Structures are given as structure tokens and as C-alpha cells.
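The next block holds one structure in the form of C-alpha cells; read it before the comments.
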Amino acid sequence: MNKDTSSINSLENEAIYIMREVAAQFEKPVLLFSGGKDSITLVRLAVKAFYPAKVPFPLMHIDTGHNFPETIEFRDRLVKELGLELIVRNVQDSIDEGKVKEESGRYASRNMLQTTTLLDAIEEFKFDACIGGARRDEEKARAKERIFSVRDDFGQWDEKNQRPELFDMLNGDIEHGQNVRVFPISNWTELDVWSYIEKENIEIPSIYFAHKRKVFLRDGMIWSAEDGIVYRDDNEEVLEKMVRFRTVGDMSCTAAVLSDAVSISKVVEEIRDSTISERGARIDDKRSEAAMEKRKQQGYF
Amino acid sequence: MEVLKIATAGSVDDGKSTLIGRILYDTKSLTSDKLKAIEDKSEQLGYDYLDFSLATDGLMAEREQGITIDVAHIYFSTKKKSYIIADTPGHVEYTRNMVTGASTSQASIVLIDARKGVIEQTNRHFFINNLLRIKDVVVAINKMDLVDYSEETYNKIKADFSELMSKRDYQDQKITFIPVSALKGDNVVNKSDKMPWYTGDALLQHLEDLDKNDVFNVGTPRFPVQYVIRPKTEDFHDFRGYAGKVYGGELSVGDDIMVLPSKTRSKIKDIYFYDEKYQTASRRSSVTITLENDINVSRGDMIVKDGDLPTIDKQFTANVCWMDSENLTVGGKYIVQHGVNKVLAKVDRINHKINPDYSGIDKEATSLGVNDIASVSFKLNKPIFFDQFKNHRTNGSFILIDPQSNNTVGAGFIQ
Ligand SMILES: Nc1nc2c(ncn2[C@@H]2O[C@H](COP(=O)(O)OP(=O)(O)OP(=O)(O)O)[C@@H](O)[C@H]2O)c(=O)[nH]1
Ligand SMILES: [Mg+2]
Numbered sequence: 069m070n071k072d073t074s075s076i077n078s079l080e081n082e083a084i085y086i087m088r089e090v091a092a093q094f095e096k097p098v099l100l101f102s103g104g105k106d107s108i109t110l111v112r113l114a115v116k117a118f119y120p121a122k123v124p125f126p127l128m129h130i131d132t133g134h135n136f137p138e139t140i141e142f143r144d145r146l147v148k149e150l151g152l153e154l155i156v157r158n159v160q161d162s163i164d165e166g167k168v169k170e171e172s173g174r175y176a177s178r179n180m181l182q183t184t185t186l187l188d189a190i191e192e193f194k195f196d197a198c199i200g201g202a203r204r205d206e207e208k209a210r211a212k213e214r215i216f217s218v219r220d221d222f223g224q225w226d227e228k229n230q231r232p233e234l235f236d237m238l239n240g241d242i243e244h245g246q247n248v249r250v251f252p253i254s255n256w257t258e259l260d261v262w263s264y265i266e267k268e269n270i271e272i273p274s275i276y277f278a279h280k281r282k283v284f285l286r287d288g289m290i291w292s293a294e295d296g297i298v299y300r301d302d303n304e305e306v307l308e309k310m311v312r313f314r315t316v317g318d319m320s321c322t323a324a325v326l327s328d329a330v331s332i333s334k335v336v337e338e339i340r341d342s343t344i345s346e347r348g349a350r351i352d353d354k355r356s357e358a359a360m361e362k363r364k365q366q367g368y369f
Numbered sequence: 159m160e161v162l163k164i165a166t167a168g169s170v171d172d173g174k175s176t177l178i179g180r181i182l183y184d185t186k187s188l189t190s191d192k193l194k195a196i197e198d199k200s201e202q203l204g205y206d207y208l209d210f211s212l213a214t215d216g217l218m219a220e221r222e223q224g225i226t227i228d229v230a231h232i233y234f235s236t237k238k239k240s241y242i243i244a245d246t247p248g249h250v251e252y253t254r255n256m257v258t259g260a261s262t263s264q265a266s267i268v269l270i271d272a273r274k275g276v277i278e279q280t281n282r283h284f285f286i287n288n289l290l291r292i293k294d295v296v297v298a299i300n301k302m303d304l305v306d307y308s309e310e311t312y313n314k315i316k317a318d319f320s321e322l323m324s325k326r327d328y329q330d331q332k333i334t335f336i337p338v339s340a341l342k343g344d345n346v347v348n349k350s351d352k353m354p355w356y357t358g359d360a361l362l363q364h365l366e367d368l369d370k371n372d373v374f375n376v377g378t379p380r381f382p383v384q385y386v387i388r389p390k391t392e393d394f395h396d397f398r399g400y401a402g403k404v405y406g407g408e409l410s411v412g413d414d415i416m417v418l419p420s421k422t423r424s425k426i427k428d429i430y431f432y433d434e435k436y437q438t439a440s441r442r443s444s445v446t447i448t449l450e451n452d453i454n455v456s457r458g459d460m461i462v463k464d465g466d467l468p469t470i471d472k473q474f475t476a477n478v479c480w481m482d483s484e485n486l487t488v489g490g491k492y493i494v495q496h497g498v499n500k501v502l503a504k505v506d507r508i509n510h511k512i513n514p515d516y517s518g519i520d521k522e523a524t525s526l527g528v529n530d531i532a533s534v535s536f537k538l539n540k541p542i543f544f545d546q547f548k549n550h551r552t553n554g555s556f557i558l559i560d561p562q563s564n565n566t567v568g569a570g571f572i573q
């Protein structure tokens, strides 16, 4: 295995620099925490950036109510161990208040609904910077993101009119009501994130490792048949397989992959040899060719 | 593993996005689902070939219009290097996005359509690459398949371009010519058998062999203070650390330093990276420094080695790339962001506008329009601590922010 870590070191230095710029340039930053590997990596970077002081901003989780129980458990333990502040806002509340309508049918997901809850929370707390774990290698619209990405009063992304971003100078000047989405790990690939998790020995939720799970097959993808969150037709047969998850978004849009990678080093090996992209197992991107861009325009992470 | 950052350049439709897609395809860097998406879309658009530009043109508007609007950052690796390629737009209207992509790159690929040769936008992009002092430039003469892989055409374009080169300011820039067909894959990843007259390497091989050149870091150490860390906890009651990134050179424990602008002297006590102490902070590392003496240091101050000072001044002259649709005018007020330091600035003089084809300068200019490049003198309300861009890439550059719109409206290179 390649133990040369110089490229991961330079990515880490860049991310720490970005974290510090956020703390210095904004009054009320927040780190958007999903419980996934990318946001866990962000937390690690934030802790390193401000040591020995504590992280000068809270974490916020927009809970769809459809999370893997393992990630919620993990989240609560993480913030407790690190002494971080956690804010949780629930999509269920937005549904109950009639602000959004639950989708129905086979492909029902709460992933889209998150945006409303997120924008409301930004307004409620007057956050002016939201740090997210999106990476440019994930998806073709994300490849176009700046590191500091300005959103208007409606949280929208004006993709055809982004600020130039030169050298490593980050311009965080905004008007009242606007906010900036910040992506410290923009230049990381999926493999970089896993290599970093391995190198730093970072703990991650168990669903990222191969485990036995009751699943069913649809559209060539493997869906969890546990917890009853993903809609399943009666004729869709439940099987037991060794699987793991490559991303842990909302359960209703995250498919599993067959795997026997039970340790970080096995996962790193598996990713290195993988011939399908990470978001290949995300049904939310498959809704249409430009699904991600449309969601981003509306204020999605 | 070594990281190489590259940007593309060249006029609209010269084949930049296609070239990158081709590199991804031939190095098997496209995952099966991404390749499938390109196949499906190409078929839907009625092409009888794979349109590789779809690998990078990710926005709806780009895919509809078949042009690139904003930079895409693309990642792939070989056994030897990991590459970050910025695919930039060729369209004049989006030149600011081209500069964005090029500003962090170590090498650049300037594409030329073999049927069209050197045109205005080629000049402009080459000029910007030279202004940015990008060390290695590949001039890829593309679409050779459409000119029968003609050596004559290639030589003609090479001669035209060489004329441009001879006038460039930064003469140490290394320039290499390669005839390619991005669409067919000739001389991109694999050496072509259609151009036996070309004896050089294919593009990727050339990139693999580029020297590791640390262009961002030549110069003396500069440490702009980004953030002051004061934990005020029991264990770290009196801890006062200065967080920032080291540029230009290294800093070590025990170094005699000076804090600017106060010119207070002290010594480096400790260098932290997270909870570990180091003897030396290497270039481009994001560290936290503590000093022997309790002095007042805040964001925007700069720590430098004693006796190795930058220029400290309330005025300077710089080459400016103007990027806004509103003109820059004499007397106009802007914010200069120099590293992490922001100061108010006033345009004192426009010395001259520069024609990007090196055909001369315009001394009469009183304002700058979008995409203009000019030598401009500024007056500041507070001193900044700078080096010349040619001696210090990070400490010699800045951006201009319009205080009304908050937009980044220009980039500058201090002379
Ligand atoms: N025959 C031929 N066509 C090519 C070649 N390279 C690119 N093209 C075609 O030229 C057109 C423009 O290619 P793009 O890759 O989109 O050009 P670009 O330089 O990225 O354009 P902008 O990003 O808009 O500046 C497309 O139709 C390509 O298929 C080539 O080597 N040979
Ligand atoms: Mg293009």
C-alpha cells in the first residue's frame, strides 16, 4: 500500500486554513453535520485548527428522521466526547408545520425536504456561514463550486455568476441576510477522505463497514429492508447480504454495496479498486441528469 | 504522492473540456456510472462519438450550449502523481473564471484549434499565464485530425506562437508544443501513429515528467496572522497562539522575528500543529506559533524574520486584471485583500493599459473595462507588508473587492 501521505498533508493544511478563515471572517458560523464520514472529517479538522481552544462554532444536524440509528448514536457520542455544541432541527417539524409535504410512492425520500428545514434554521439562528463537507469530485455540478460560495437571501446558488476565487484568498464579504457555504474539503477525493480517516485513526459509524443486513434489490441497487423506512413492494424479496454503505445520507436514498471490508484499511483498498463512483449508489442523483444542480440552486448543501 | 495542479486555457471550442475528458477516459479514471452517463447523453444529442466534454461540463446551461461557463475541478491520479485539473472556460465573458482556475496552478495547457491558429483569446490567456508566472506551459495544437495531421500546419502555428513568446515578460517560463487530437486521442495519453514527424512525448507523459516546482513558495518566510488562539482554559490559561499559514520559507523555534506593523521584536517559542510541537514549520503548513514575549498581535499582522522585512507602505503599483462589468476608474474606492489583510484603497493612477497580444500599451486610459489588464497605482488607508510578485507569489498578489457589491472585481500582481 502507498504510505506516502504528502498529498493528504497538503489537503489537511488547506482545510485548516479555510476553517480559520471562517472563524475570523464571520460572526455566526455553523458546521453542518450529517453524521457521515465527510462531516466527521470536518469535525476532526476543526478540532485541529483551533487547538488548544475549543471549536468556536456549533454543529447543526438537519435530521430527516430517516437516519440510520447507528449514525444518531454516533453523533451524540462524538459531540459529548469532544465537548462540542450540537443543534438539531427536524424535517418532521417542517412537515408537521405544513411547510413541506411528505413524498409518497416507491421513491419517496425526505432528502429534498431537508432544504426547507435547513434554510429555516439558518434564518432562526442568523448563521452567516455554513461549513459543509461537499467535495468537488462527488458530482459534476459540485465540481463547479467555490470554496466560499455565496447564497442569496433565499439560500440560492447562482451558478452562472460565482465570485472569482483567486490564489488562496477567500472573500467572505456579504450583505445582511446573505450567507456563505464553505467547503473546506473541496479538493479531497473519496479516497483522500478514507486515507485520512485511516491515518488519523478517526472513529466512524459501523454502517461504513461490512455487516450482515436484510436487504432487497431494486433497479440494480441494494436497499436496506430493516427499519421499514425504504418503501418495499411485497414482491421485492428480502435477502441477507454482507454489505456496507459508502455514503450515509437519508436511508431512503442511500443504497448499500456488497462488501467484505471490515476494517478501514480494507475499505481504503476497496475504494481504490472501485469502478463505480460514490454517488452511483445515491438515488437522489438519479432522478434526472441535473438533479444535484437543481437541488443546489434551491439551497441544498 | 506528488500533486500537480494544472489549468487549461485557450479560446472557446478549442477542445479544452474534450481534452480533459479524453485524459480521464484513456487513464480509465471514469467510473462505469459516469461513463454510462456520457454515453447516454452523447446518444441523446445524436452524436456518433462520445462527447468527452460532458465529463466536465456539469452545469445544465453548459451542456445545453456546449460551452464551459465556470471552472470545473477534476481529480485523477496515475502511479506517479495525483492531478488536479481546472477546466476553464474559453469564452471572453468568463475570463474571470479562467483566471480563477489558473491562479492556483503550477502548469497550464493552452489549446489552439489547428484550423484557426493563434487568435485574440489565445493571446489573452497566454498573457495571463505569463502574468501569473506559471512555470510550465504546454501549447497543445488540437484538432489535428481535421487538418490531416499536417506537419506544415503545426509548424506554422508554432512559428506564430513563438513570435508571441519572444515578447513575453517572464522569459523563464518553459513552453512545450504538442500536436494532439483530443477527440480521437492522438498524443494525449497514448503516442499517435498518425504524426510520425512529431518526436516528442504525448501530453500525459510530458506532465508526468515535469519537475516538481514549488512556484508558490519561492522567497523568504512570511507568516500572516490569521487568527489568535486564546483558550483561557485551566490547562492553557496564558496560552496565546498565532494561527496561520507559512509562506515562502520555513520558520523554526528560536528564530528572531519581528511583528509587523508594530516592528516589535521577539523569538519563536513553540510551533504547534494540533497537539504536537515541532522544531520547524515548513512552507504552506497551517501551524500555531507562540512567542517568547507577551506582545499585542492580531489578525492581519505579519510575523517575519528579523532583518528580512517586506516593503511596508501605504502605496504600491501593480498589474491588475479587471473582472467586473462596472469600470475601474481613477479615484475609485475598493478594498484590497492582501492575504488575510483587508485595507481600504483608492485608485491613484492608471499608468497604462496593456494589450494582451504584446502589441503595446495605452497611456491615455482613464478607466478599465471588464478583462482589461493595466498597471495601476493605489493609495491605502493603512500600510500593508508586501513583496514584489516576481519574488513572492503569495505576498505579492491581492484581490480587489467592491465595497458596494462585496464582489471580487479584480486581481493584482505587485510590481
Ligand atoms: N474533430 C475534432 N473535434 C474536436 C477535438 N477536440 C474538441 N473537438 C470538438 O470541438 C467542440 C468544442 O469542444 P470543447 O471541448 O467543448 O471545447 P472547449 O475548449 O472546452 O470550449 P469552452 O470550454 O466553451 O471554451 C466539440 O464539438 C468537440 O467535440 C478534436 O481533437 N478533433
Ligand atoms: Mg470547455
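Order-wise, the sequence lines are chains E and D. If you read the first sequence in the numbering used here, its first letter stands for residue 69, the second for the next number, and so on. If you read the second sequence in the numbering used here, its first letter stands for residue 159, the second for the next number, and so on. Even for Gly, the Cβ is constructed at its ideal location relative to N, Cα and C. What you are looking at is a predicted structure, and each value in this text was computed from that prediction instead of being measured.
Just tell me which of the options has its CA closest to the CA of residue i.
i               : options                        : result
Q546 of chain D : D:F556, D:T422, D:K537         : D:F556
N529 of chain D : D:S483, D:A503, D:V501, D:F397 : D:S483
G458 of chain D : E:S74, E:R88, E:I76, E:E338    : E:R88
V123 of chain E : E:V261, E:R112, E:T183         : E:R112
V325 of chain E : E:D205, E:P252, E:K280, E:K169 : E:K280
V297 of chain D : D:Y307, D:V305, D:Y312         : D:Y312
V248 of chain E : E:R300, E:S263, E:W225, E:I332 : E:W225
Y85 of chain E  : D:D184, D:T236, D:Y516, D:V383 : D:V383
Using the three-state DSSP reduction, which class does residue i fall into: helix, strand or coil?
i               : result
N313 of chain D : helix
A219 of chain D : helix
F397 of chain D : coil
P137 of chain E : helix
T448 of chain D : strand
I542 of chain D : strand
D184 of chain D : helix
S154 of chain D : This structure cannot settle anything about residue 154 of chain D, because the visible part of chain D is limited to 159 through 573.
Q473 of chain D : strand
K71 of chain E  : Low local confidence applies: a pLDDT of 41 at K71 of chain E is under 50, so the model's placement there is unreliable, and no value is given.
A213 of chain D : helix
I461 of chain D : strand
G151 of chain E : coil
Counting along the chain, where does the beta strand (DSSP E) carrying residue i start and finish?
i               : result
Y241 of chain D : 239-245
V248 of chain E : 247-250
A324 of chain E : 324-326
R442 of chain D : Unbroken run through R442 of chain D: none, as it is neither H nor E.
The alpha helix (DSSP H) spanning residue i covers which residue range?
i               : result
L362 of chain D : 361-367
R282 of chain D : 278-289
G259 of chain D : 253-261
Q384 of chain D : Premise fails: Q384 of chain D lies in the beta strand (DSSP E), 380-387, not in any alpha helix (DSSP H).
N81 of chain E  : 74-93
W225 of chain E : That residue, W225 of chain E, is in no alpha helix (DSSP H); it is neither H nor E in DSSP.
I232 of chain D : Unbroken run through I232 of chain D is the beta strand (DSSP E), 230-235; no alpha helix (DSSP H).
Taking the C-alpha atoms as reference points, what is the distance between residue i and residue j?
i               : j               : result
Q329 of chain D : T475 of chain D : 21 Å
K370 of chain D : L162 of chain D : 8 Å
N81 of chain E  : I215 of chain E : 14 Å
K491 of chain D : A532 of chain D : 17 Å
L150 of chain E : G402 of chain D : 23 Å
H510 of chain D : H550 of chain D : 24 Å
M69 of chain E  : V336 of chain E : Residue placement at M69 of chain E is flagged as unreliable, the pLDDT there being 31, under the threshold of 50; a coordinate-derived value is accordingly withheld.
Q223 of chain D : L212 of chain D : 11 Å
F401 of chain E : G168 of chain D : Outside the shown range of chain E (69 to 369) lies residue 401 of chain E, about which nothing can therefore be said.
For residue i, which residues in the same chain have their Cβ closer than 6 Å to its Cβ, ignoring the five residues on either side in sequence?
i               : result
W256 of chain E : L79, R203
T166 of chain D : K174, D245, T246, I267
D228 of chain D : N255
L290 of chain D : A260
K71 of chain E  : Only weak support is given to the placement of K71 of chain E: the predicted model assigns it a pLDDT of 41, under 50, and the value that follows is read from those uncertain coordinates. Within the same chain, K71 of chain E has no close Cβ partners at all.
Excluding the 5 residues flanking residue i on each side, which residues of the same chain have their C-beta closer than 7 Å to its C-beta?
i               : result
A293 of chain E : K282, V283, F284, R300, V306
N288 of chain D : R326, D327, Y328, Q331
E220 of chain D : T226, I227
Whose C-beta lies closer than 8 Å to the C-beta of residue i among residues of the same chain, with five residues either side of it excluded?
i               : result
I225 of chain D : V170, D171, D215, P247, G248, H249
*asked:* What are the residues in the stretch 243-262 of chain E lying within 9 Å of chain B by C-beta distance?
replied: In summary, chain B is missing from the structure at hand, where the protein chains are E and D.
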